[in-house]
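Okay, structure first, notes after.
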Amino acid sequence: MSERPAQLSQRKIFLFWLPLALTWLMMSVEGPLLAALIARLPNEVVNLAAYGVAYAFALVAEAPVIMLLSASTSLCRGAESYRRLRLFTFVLSFGVILLLVLLALEPVFELVGVRLLGLHPEVAAETRMALWFLLPWPGAIGLRRFYQGVLIADGRTRRVTLGTLMRVTVIALVGVMLTFSGLIPGAVAGATALSCGVTAEALATRFLARPSIATMLKRDDADSAPGLGEIWNFYLPLALTPFIGLAAQPLIVFFLGNAVASLESLAVLPVLYGLTFVFRALGLSYQEAAIALIGDKLEQRPAIGCFARRLAVTVGIVLGLIALTPLAELWLEGVSGLSPQLAQFSRLPLILMIPMPLLTVWITWQRALLVKVRVTRPISIATAVEAVAIFLLLAATVTTLELPGITLVAATLVLSRLLAILYLAPYCRRVA
8 MSERPAQLSQ RKIFLFWLPL ALTWLMMSVE GPLLAALIAR LPNEVVNLAA YGVAYAFALV
68 AEAPVIMLLS ASTSLCRGAE SYRRLRLFTF VLSFGVILLL VLLALEPVFE LVGVRLLGLH
128 PEVAAETRMA LWFLLPWPGA IGLRRFYQGV LIADGRTRRV TLGTLMRVTV IALVGVMLTF
188 SGLIPGAVAG ATALSCGVTA EALATRFLAR PSIATMLKRD DADSAPGLGE IWNFYLPLAL
248 TPFIGLAAQP LIVFFLGNAV ASLESLAVLP VLYGLTFVFR ALGLSYQEAA IALIGDKLEQ
308 RPAIGCFARR LAVTVGIVLG LIALTPLAEL WLEGVSGLSP QLAQFSRLPL ILMIPMPLLT
368 VWITWQRALL VKVRVTRPIS IATAVEAVAI FLLLAATVTT LELPGITLVA ATLVLSRLLA
428 ILYLAPYCRR VA
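Just so we're aligned, residue 8 is where the sequence shown starts under our numbering, counting upward by one.
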């Protein structure tokens, strides 16, 4: 009988994961910071709206490169796999920049931004200008996620945090400088700060990855490295996952706009998203840690799974302590600035969303398992199941139940995520 491999300690897993969690938490600061700076510039309403629309467009352009982090963490094992995935990254990153250029061209933007979305002319003009200053964003994101994956695969997660610290610092410095100079509109200032930040992060991450790259180039994996066709087949379902997930967001806004208490629901949605994202980010950051540590033969699955369970319970309990105690009032009114009426209105939806961080840890653990064994198609299908469930549940309840829209959305998000997890469960059980 073969002996069970020695398992990683929970402390070692925690120390490996912690820098990745800090990275996600630092990134969560960017949005509120830039919004606060734009709000201090002239014509703030138009510029905040334009920046929000431009950022949404940039997220769509960025979607194809988001999962390069998981891909490089999983696939980069030696010189040949590194070179092939690097070439794939360069081509994909250049492609997403071209996609954003196409969108920023006047005829295309006129069709998408004005005719389809119905943007106000002043907002549309500022949005299109901001898009030109966001051009480096998706390509830089692709490169930095590739090199972050190289660092994670080599066990150097603290260096990932250093790169993100550079990003947040540059965004803050550029944003503050442009705000106080008042030389350019707020939307353009926000876009410029973002592009400068992610470009600085990409360059810093490449510099920090030099020892990891040198180590990787010494390993000969010519016989086992995936070809470009294999990389494409592995990556395509992963790339579709953020696309499908993004599609659910406008659906939620649409249904909220047609629900009971629509204005109040739309007002508190970003506040609830912001609070729950802090805890969901802890789960999202665990995916790459699990991929890197679980072992080529999944020999560390018991230890990694144990940590995932503990993390899931912890984030669920902490969010529950906030939602079910006076801490909710402190956050909603004191930190988020909601009126007492809106804060009270938000309490039930917040309570309903308590399971979301726990479910996020669960699904990222499932995704990590499947990415490690290169079974990626079910991941995108599960995301599609979640998006379709959101649509069907909201379509069935918004017009039939006399409940505030945000309450229905909160319950729908939890149920839809649970359905996605149940879809992935059989695939995870089949993984040896």
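Quick reminder that beta carbons are idealized off the backbone N, C-alpha and C, glycines included.
In this structure, Gly-120 and Arg-135 form a Cβ contact; the two beta carbons are roughly 7 Å apart against a cut-off of 8 Å. Distance between Pro-244 and Gly-189, taken at the CA atoms: about 44 Å.
It is roughly 17 Å from the alpha-carbon of Val-72 to the alpha-carbon of Ser-292. For Pro-411, DSSP records a beta bridge to Val-267. Bounds of the alpha helix (DSSP H) holding Val-98 are 86 to 111. Judged by DSSP in its simplified three-state form, Glu-133 adopts helix. Shortest Cα-Cα distance from Ala-216 to any of Arg-384, Thr-164, Val-382 involves Thr-164.
DSSP places Ala-315 in the helix class (H, G or I) of the three-state scheme. Taking C-alpha positions only, Val-392 is separated from Ala-427 by approximately 6 Å. Of all C-beta pairs linking the stretch 313 to 331 to the stretch 56 to 64, fewer than three are shorter than 8 Å, placing the two stretches out of contact. Scanning Trp-372, Phe-95, Ala-56 for the CA closest to the CA of Leu-150 turns up Phe-95.
Rounded to whole angstroms, the Cβ separation of Pro-362 and Ser-272 is 20 Å, and the two are not in contact under 8 Å. Pairing Leu-105 with Arg-152 gives a Cβ-Cβ distance that is not under 7 Å. Shown here for Val-53: same chain residues with a beta carbon closer than 7 Å to its own, the five before and five after excluded, namely Glu-129, Val-130, Glu-133 in chain order. Uninterrupted beta strand (DSSP E) stretches at least 3 residues long and entirely within the stretch 302 to 346 do not occur.
In the assembly as shown, Asp-303 is an exposed residue. Its beta-carbon has fewer than 16 other beta-carbons within 10 Å. Counted as a single uninterrupted DSSP element, the alpha helix (DSSP H) harbouring Cys-203 occupies residues 193 to 215.
Judged by their CB atoms, Thr-171 and Thr-30 are nearer to each other than the 7 Å cut-off. Sequence-distant Cβ neighbours of Thr-248 in its own chain, meaning closer than 6 Å and more than five residues away, are Ile-386, Ser-387, Thr-390. In the assembly as shown, Glu-237 is an exposed residue. Its beta-carbon has fewer than 16 other beta-carbons within 10 Å.
With contact defined as three or more Cβ pairs closer than 8 Å, the stretch 39 to 48 and the stretch 179 to 198 are in contact. In this chain, the alpha helix (DSSP H) harbouring Thr-168 covers 164 to 188.
Cβ-Cβ separation between Leu-141 and Ala-198: approximately 5 Å, consistent with a contact (criterion under 8 Å). DSSP, reduced to helix, strand and coil, places Asn-240 within a helical segment of the structure shown. Take the alpha-carbon of Leu-355 and the one of Met-33: they are about 28 Å apart.
The stretch 60 to 85 contains, as complete alpha helix (DSSP H) runs of 4+ residues, the segments 75 to 82 (chain order). Residue range 143 to 160 is occupied by the alpha helix (DSSP H) that includes Gly-149.
Separation of Ala-296 and Thr-406 (C-alpha to C-alpha, rounded to the nearest whole angstrom) is 43 Å. Boundaries for Pro-12: no alpha helix (DSSP H) harbours it, and the DSSP string shows neither H nor E there. Excluding the 5 residues flanking it on each side, Ser-202 has same chain C-beta neighbours closer than 8 Å at Phe-140, Leu-141, Leu-142, Pro-143, Trp-144, Ala-147, in chain order.
Here the stretch 428 to 435 does not lie against the stretch 278 to 288, with fewer than 3 beta-carbon pairs under 8 Å apart. The beta carbon of Leu-415 sits closer than 7 Å to those of Ala-266, Leu-401, Thr-404, Val-405, Leu-408, all from its chain and outside the five residues before and after it, given in chain order.
Around the beta carbon of Ala-375, 16 or more other beta carbons sit within 10 angstroms, so the residue counts as buried. Gly-182 sits buried, since 16 or more C-beta atoms from the chains shown fall within 10 Å of its C-beta. Rounded to the nearest angstrom, the gap between the Cα atoms of Val-278 and Gly-344 is 9 Å.
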